[in-house]
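Scroll down for the structure; my scribbles are underneath it.
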Amino acid sequence: MTLQMQKKESLCCFFIDLNGFKQINDTIGYQGGDEVLKIIAKRVSHSISGSDIFARLGGDEFILILCDYGSPSHIDIIVERG
30 MTLQMQKKES LCCFFIDLNG FKQINDTIGY QGGDEVLKII AKRVSHSISG SDIFARLGGD
90 EFILILCDYG SPSHIDIIVE RG
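Convert by adding 29 to the 1-based position in the sequence shown; the result is the number in my numbering.
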């Protein structure tokens, strides 16, 4: 991310809150919740490029940082795929 800032490339940041994730853990347990997180991570990783960042902040909160995303229409495409 620092490299993109040095190059003055565009960054786009999404804060993502998974509604109902606590209920998943409460219903099927933490192991089941971990499996759901793996599915989400795999799905997101197929929608973003290798230079983008997807990370869990904690609980049901995540951050997605798109590095040098190009144009706003590129963001629309990623959101639609997600």
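Note that CB positions come from ideal geometry on N, CA and C, so glycine has one too. In this text the structure is predicted, and so the values were computed from the model without any measurement.
**Item:** Pair within 8 Å by beta-carbon distance, PHE43 and ILE77
**Value:** no
**Request:** Just the C-alpha distance for PHE50 and GLU38, rounded to the nearest angstrom, thanks.
**Result:** 34 Å
**Request:** State the start and end residues of the unbroken beta strand (DSSP E) segment that holds LEU47.
**Result:** First-last for LEU47: undefined, no H or E at that position.
**Asked** By DSSP, does ILE77 sit in helix, in strand, or in coil?
**Response** coil
**Asked** According to the neighbour-count rule (16 or more other Cβ atoms, all chains shown, within 10 Å of its Cβ), is TYR59 buried or exposed?
**Response** Answer is exposed; the Cβ neighbour count stays below 16.
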